[in-house]
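Enquirer: If you scroll down you'll find the structure; I have some questions about it.
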Amino acid sequence: MPTHQNALPTATLKDRLWSPGIVVAPGVYDALGASLAEQAGFDTVYLSGASLAYTKLGRPDIGLMSLTEVNDSLAHIRERSDLSIVVDCDTGFGNALNVMRSVRLLERSGANAIQLEDQTYPKRCGHLRGKTLVSAGEMIGKIKAATDARHDDKTLIIGRTDAIASEGIERALERANAYYEAGADMIFVEGIRSSEQVRQVMDRLRGTVPIMANMVEGGDTPLQDATTLQSLGFSMVIFPGALVRAFTFMASRFFDTLKADGTTDNFRDRMFDFKQLNDYLGTQTMLDLGQQYEDPVR
257 MPTHQNALPT
267 ATLKDRLWSP
277 GIVVAPGVYD
287 ALGASLAEQA
297 GFDTVYLSGA
307 SLAYTKLGRP
317 DIGLMSLTEV
327 NDSLAHIRER
337 SDLSIVVDCD
347 TGFGNALNVM
357 RSVRLLERSG
367 ANAIQLEDQT
377 YPKRCGHLRG
387 KTLVSAGEMI
397 GKIKAATDAR
407 HDDKTLIIGR
417 TDAIASEGIE
427 RALERANAYY
437 EAGADMIFVE
447 GIRSSEQVRQ
457 VMDRLRGTVP
467 IMANMVEGGD
477 TPLQDATTLQ
487 SLGFSMVIFP
497 GALVRAFTFM
507 ASRFFDTLKA
517 DGTTDNFRDR
527 MFDFKQLNDY
537 LGTQTMLDLG
547 QQYEDPVR
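Residue numbers for the sequence shown follow this note's numbering, so the first one is 257 and each next one is one higher.
Have a look at this one:
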């Protein structure tokens, strides 16, 4: 069975990626989502660039996010939680020098792993059509720049290739292997379309480097559960946009109900009330803590 710890991890993310159990990382975009994932028993979350674009901008994942916006979101999550955080850094927001700055900032803000991809900039979602890639040589340079820039080798660099869509599986595997040889700690072959392509990926890379899977509802890759993905040889699986899709589905029905009824009362069984939300957030505990530091003569 896949590993679902109910306590925060004592082993590093790097150690867990090399252990028999698969790391399951739900996608989040803010500190509340990360805290909910932690409460549910997850030890790792994925700060999704797509989810940030959807929620912060209300726009699609087509390269509109900036490094500052990603870093600010990461800092809020890290202040709230001790979970392992895998950060989607898109293309590194430019060339190798931009990659170095991105890695330094994200590491200092609490990233445990930083994912870089080989699309041109601005990029687009890995499950959209029309992607274009930088040369393999340019991406190899970015991977090397990222590993040089990190302060601690426990901060992992993930090399992602989107080559299946434009260059085919064989070229994608050549790129993936080159990124591993350049120093990537984990490999992410995006847009795998069939069980045969999974087999090809595993034949080339399994046992050499941890391999990441991406589950996108309605995307190119057939949905599989974590147990199955673990048996196939994947070390981590992310569900980057699932929370946004669940939230959007729920929120659209909430607004429909409010518009039709003029009240939230008919939605009460599907939402927290004021006290329940404050209990979850630990409001009284924080107020009590602050009171310890009040001026006693006031």
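Each residue gets a CB set at the ideal place from its N, CA and C atoms; glycine is no exception.
All figures in this text were calculated on a predicted structure; none of them were measured in a lab.
Starting from Ser340 and walking both ways along the beta strand (DSSP E), at which residues does that stretch end?
Expert: Within the sequence shown, residue 340 is the residue found at index 84, counting from 1. Ser340 to Asp344 is the extent of the beta strand (DSSP E) around Ser340.
Enquirer: DSSP puts Gln375 in a beta bridge; with which residues?
Expert: Position 119 of the sequence shown holds residue 375. Answer is Leu389.
Enquirer: Can you name the start and end residues of the alpha helix (DSSP H) that Ala281 belongs to?
Expert: Here residue 281 is taken as the residue at index 25 of the sequence shown, counted from 1. Where Ala281 is concerned, there is no enclosing alpha helix (DSSP H), although the beta strand (DSSP E) it sits in stretches over Val279 to Val284.
Enquirer: Would you grab the beta carbon distance between Leu389 and Gln375 for me? Rounded to a whole angstrom, and I think it's under 8 Å.
Expert: Against the sequence shown, residue 389 aligns to sequence position 133. Against the sequence shown, residue 375 aligns to sequence position 119. Going by Cβ atoms, the distance from Leu389 to Gln375 rounds to 6 Å, so yes, they are a contact pair.
Enquirer: Return the CA-CA distance between Gly538 and Ser291, expressed in angstroms with no decimal places.
Expert: Translated into the one-based positions of the sequence shown, residue 538 becomes position 282. Translated into the one-based positions of the sequence shown, residue 291 becomes position 35. Their Cα atoms are separated by approximately 12 Å.
Enquirer: Name the one or two DSSP bridge partners that Arg416 has.
Expert: In the sequence shown, the residue the question calls residue 416 occupies position 160. BP columns for Arg416 point to Glu373 and Phe444.
Enquirer: Would you mind sorting Gln532 into buried or exposed? The rule is 16 or more other CB atoms within 10 Å of its CB.
Expert: The residue labelled residue 532 in the question sits at position 276 within the sequence shown. Answer is exposed; the Cβ neighbour count stays below 16.
Enquirer: From the DSSP output, in three-state form, read off Leu589 for me.
Expert: There is simply no residue 589 to check, as the chain begins at 257 and stops at 554 in what is shown.
Enquirer: Which same chain residues, not among the five before or five after Leu308, have their C-beta less than 7 Å away from its C-beta?
Expert: Locating residue 308 in the sequence shown gives position 52, where the first residue counts as 1. Taken in chain order, the residues that qualify are Tyr285, Met321, Glu325, Val326 and Ser329.
Enquirer: Using only alpha-carbon positions, find the residue among Ala401, Gln456 and Ala440 that is nearest to Gly424.
Expert: Position 168 of the sequence shown, counted from the first residue, corresponds to residue 424. Gly424 has its Cα closest to that of Gln456, out of Ala401, Gln456 and Ala440.
Enquirer: What do you reckon, are the CB atoms on Leu499 and Val454 nearer than 9 Å?
Expert: The residue labelled residue 499 in the question sits at position 243 within the sequence shown. The residue labelled residue 454 in the question sits at position 198 within the sequence shown. Contact flag unset, no.
Enquirer: Out of Arg460, Ala401, Ser508 and Asp481, state which residue places its alpha-carbon closest to the alpha-carbon of Val493.
Expert: Sequence index remark: in the sequence shown, residue 493 carries index 237 (1-based). Answer by Cα proximity: Asp481.
Enquirer: Once you ignore the five residues that flank Arg315 on each side, which residues in its own chain have a CB closer than 7 Å to its CB?
Expert: Against the sequence shown, residue 315 aligns to sequence position 59. Cβ neighbours of Arg315 beyond the five flanking positions: Ala309.
Enquirer: Excluding five sequence neighbours on each side, which residues of the same chain lie with their C-beta closer than 7 Å to the C-beta of Arg501?
Expert: On the sequence shown, residue 501 is found 245 positions in, with the first residue counted as 1. Hits under 7 Å: Glu473.
Enquirer: Per DSSP, what kind of secondary structure is Pro276 in: helix, strand or coil?
Expert: Translated into the one-based positions of the sequence shown, residue 276 becomes position 20. Looking at Pro276 - three-state DSSP - the assignment turns out to be coil, as it is neither helix nor strand.
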